[in-house]
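As structure tokens, the structure follows; a few thoughts come after it.
In the working numbering, the protein residues as written are 14 to 607.
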């Protein structure tokens with residue numbers, strides 16, 4: 014944006030001097046020159062024709078000539094119909110590079126005083142994390158990094174859904190069929206063990222339902238009278254009533270799951286500043302419902318259930334408390350939201366939740382507003398698309414999900430196999446090779462997921478993600494490792510890389526790299542504005558791709574011109590730094606050797 018503003022200033026001055034009229038910044042339209050034409054930036058002349066009262070070509074030529082006289086930084090210009098393409102001098106771009114090199118925190122913003130809270134992960138304690146959770150966690154963590162880099166104070170939180178009918182399903186199945194099995198006795202990870210009983214419950218439910226309907230009972234009626242369902246409902250009532258035996262079972266099984274979750278989070282490289290638990294917030298939500306009922310915002314049906322009527326707002330009626338006084342998801346979300354605002358002075362609350370919950374968050378904001386909370390407008394739902402596999406959607410109850418732990422292991426082992434085949438581990442020690450395989454496997458997984466616009470449904474293909482060519486994490490990592498190798502060799506040759514450059518004769522490829530480096534602050538700001546790590550991911554790929562083209566076309570260490578060699582080393586060093594910065598924002602490590 015700095016260069017666009019600079020050009021706007023010169024263009025305003027040129028127009029005023031040429032035509033004797035003042036123009037606003039809005040009237041001066043500057044854009045990056047189309048790659049099919051020569052130039053760096055383009056001034057759209059059409060909005061200025063009413064001032065010049067001349068043809069687009071004449072007007073563009075007059076403004077171009079005047080701009081060149083006003084600024085020594087403009088090397089040349091060309092006119093294509095109503096578009097004035099402007100080319101800056103090499104000296105200008107070298108100065109832009111020097112600005113980036115001299116600023117250690119280039120692209121990052123100073124603290125702006127804003128506090129943002131971002132919720133992600135939000136797992137249920139009845140099953141392990143799966144591929145869908147991986148996208149959620151990676152998105153949330155990367156967005157938090159991006160927002161923080163833009164000067165915000167970010168609080169990363171996780172809301173664990175540790176209570177409810179779904180949790181009781183795993184508990185009941187273990188109680189009926191577990192025979193005292195534990196993670197220790199089975200050798201299974203705790204969250205995996207509990208997840209198996211969730212699947213077991215579903216099988217038992219379907220079996221009993223089939224038996225009832227086989228006896229001629231209507232299916233809708235049968236669904237309400239399945240014995241294991243009635244037992245689960247009773248277990249939930251006992252839990253909410255504080256029954257000691259039920260609570261003890263709940264605590265034991267949840268502790269198994271938490272230990273499993275913690276390991277998966279460590280393996281993924283994500284973290285949280287605070288963890289909330291639905292079991293500790295749902296009562297606050299029930300209190301809010303009672304308050305709303307007293308104020309006439311909510312209403313009670315004959316069976317005792319509590320609802321809100323949102324039909325006048327174009328929505329429908331929403332259940333808040335069941336007839337047995339047990340709460341639903343939105344009840345705890347109401348309580349959690351108020352609790353967070355009471356604890357933190359939040360300027361914005363961001364929920365990273367899949368797009369199947371769009372309606373839920375629309376209702377949540379509306380209910381909070383009706384309850385009189387002005388901060389409801391600060392709630393933002395970062396709605397993302399589902400992750401699908403080549404063979405279709407995943408279903409937790411049927412046990413057809415892609416387990417997060419299994420996927421992480423698969424990615425690391427596949428990265429190791431491919432790296433060995435390509436000879437990228439040949440000169441590494443065993444420990445270094447293991448570290449590279451882990452970085453490459455996780456980098457492939459994270460990048461493949463984060464390079465996709467969050468709003469889009471994505472198809473995940475593990476084999477496609479681990480490729481050392483194309484728009485992949487390993488390709489970017491390898492590019493950075495290649496630069497590290499060049500810089501190590503320079504160091505071995507005792508070459509001192511300058512902190513700034515005065516070299517003036519650089520190629521178009523080098524200018525292209527400088528432009529990409531210069532674009533980092535603007536790219537970061539756009540990623541924050543759109544809550545999209547994909548903006549950063551694809552920026553990192555563009556930089557890596559451009560460097561590889563430069564590397565194949567130009568000598569670096571073998572360059573005979575000493576001044577040019579030093580410049581290219583400095584440029585390479587800054588490219589590597591931009592790639593590392595970008596990948597770190599995405600939560601991706603970059604190995605020094607590959």
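Idealized CB from N, CA, C, for every residue including glycine. Quick caveat: nothing in here was measured; it's all calculated off a predicted structure.
To the nearest angstrom, how far is the alpha carbon of residue 19 from that of residue 126? Approximately 28 Å, taken between the alpha carbons.
Would you call the stretch 525-532 in contact with the stretch 102-113, where contact means no fewer than 3 C-beta pairs closer than 8 Å? In this structure the stretch 525-532 lies against the stretch 102-113, because at least three pairs of beta carbons, one per stretch, are closer than 8 Å.
Have a look at residue 209 and residue 265 and give me their C-alpha separation to the nearest angstrom. 16 Å
Whole-angstrom distance between residue 558 and residue 566, CA atom to CA atom: Taking the straight line from one Cα to the other gives about 13 Å.
Of the choices 29, 242 and 174, whose alpha-carbon is the least far from that of residue 221? Nearest of 29, 242 and 174 to residue 221, Cα basis: 242.
What residue ranges within the stretch 27-82 form continuous alpha helix (DSSP H) runs of no fewer than 4 residues, ordered along the chain? 62-65
Any idea if residue 411 is buried or exposed, counting beta-carbon neighbours within 10 angstroms, 16 or more meaning buried? A caution first: residue 411 carries a pLDDT of 46, below 50, which makes its placement in the model unreliable, though a value can still be read off. Per the 10 Å Cβ criterion, exposed.
Please state whether DSSP places residue 133 in a helix, a strand or coil. coil
Local conformation of residue 336 per DSSP, three classes: Three-state DSSP puts residue 336 in coil, outside helix and strand.
Among 573, 134, 226 and 256, nearest to residue 290 - alpha-carbon criterion: 134
Can you tell me whether DSSP reads residue 194 as helix, strand or coil? Correct three-state label for residue 194: coil.
Buried or exposed (CB count within 10 angstroms, at least 16 for buried), residue 408: With a pLDDT of 48 at residue 408, under the threshold of 50, the modelled position of that residue is not reliable, and the figure given next carries that caveat. Residue 408 should be labelled exposed.
Mark residue 609 as exposed unless 16 or more other C-beta atoms lie within 10 angstroms of its C-beta, in which case mark it buried. With the chain covering 14 to 607 only, the question about residue 609 has no answer from this structure.
C-alpha distance - residue 542 paired with residue 233, whole-angstrom precision: A direct Cα-to-Cα measurement between residue 542 and residue 233 gives close to 47 Å.
Enumerate in chain order the residues of its own chain whose CB-to-CB distance from residue 70 is below 6 Å, with the five nearest sequence positions on each side excluded. 92
Report buried or exposed for residue 504, applying the criterion of at least 16 other Cβ atoms within 10 angstroms of its Cβ. By the 10 Å Cβ count, residue 504 comes out exposed.
Return helix, strand or coil for residue 243, following the three-state DSSP convention. Three-state DSSP puts residue 243 in a helix.
Environment of residue 472 [buried if 16+ CB atoms lie within 10 Å]: Exposed.
Tell me whether residue 146 is buried or exposed, calling it buried when 16 or more other Cβ atoms sit within 10 Å of its Cβ. buried
Close Cβ partners of residue 506 (< 8 Å) along its chain, the five nearest in sequence each way excluded: Counting only Cβ-Cβ distances below 8 Å, and skipping sequence neighbours, we find 570.
When you compare only the Cα positions, how much space is there between residue 511 and residue 579? 7 Å
N-terminal and C-terminal residue of the alpha helix (DSSP H) that residue 566 is part of: 546-566
Flag this pair as yes or no: are the beta carbons of residue 363 and residue 58 separated by less than 9 Å? no
Assumed close pair residue 457, residue 486 - CB separation to whole angstroms, cut-off 8 Å: 5 Å
Going by C-alpha to C-alpha distance, which of 351, 251 and 131 sits closest to residue 13? Look at the range of the chain in this structure, 14 to 607, and you will see that residue 13 is not part of it.
What three-state label does DSSP hand residue 610 in the structure shown? This structure does not reach residue 610, given that the chain is present from 14 up to 607, and the question cannot be answered.
Which class does residue 12 belong to by DSSP, given the choice of helix, strand or coil? Because the chain in this structure spans residues 14 to 607, residue 12 falls outside the shown range and cannot be described.
State the DSSP-derived secondary structure class of residue 374, mapped to helix, strand or coil. Helix.
How should residue 406 be labelled, buried or exposed, when 16 other C-beta atoms within 10 angstroms of its C-beta is the threshold for buried? Note that residue 406 scores a pLDDT of 49, beneath 50, so its modelled location is shaky; the value from the coordinates is reported in the next line. Looking at its Cβ environment, which holds fewer than 16 other Cβ atoms inside 10 Å, residue 406 is exposed.
Neighbour-count burial assignment, residue 344, 16 or more Cβ in a 10 Å radius: buried
Alpha-carbon to alpha-carbon, residue 340 and residue 333: When rounded, the separation of the alpha-carbon atoms in residue 333 and residue 340 is 7 Å.
Residue 172 - partner residues in DSSP beta bridges: 289
Below 9 Å between beta carbons: does that hold for residue 178 and residue 245? yes
As assigned by DSSP and simplified to three states, the class of residue 17: Here residue 17 carries a helix assignment [DSSP, helix/strand/coil].
Enumerate in chain order the residues of its own chain whose CB-to-CB distance from residue 302 is below 7 Å, with the five nearest sequence positions on each side excluded. A distance below 7 Å between beta-carbons, with the five flanking residues on each side excluded, links residue 302 to the following residues of its chain, in chain order: 311, 319, 333, 334 and 344.
Does residue 387 pass the burial test, meaning 16 or more other C-beta atoms within 10 Å, or should it be called exposed? Within a 10 Å sphere around the beta-carbon of residue 387 sit fewer than 16 other beta-carbons, which makes this residue exposed.
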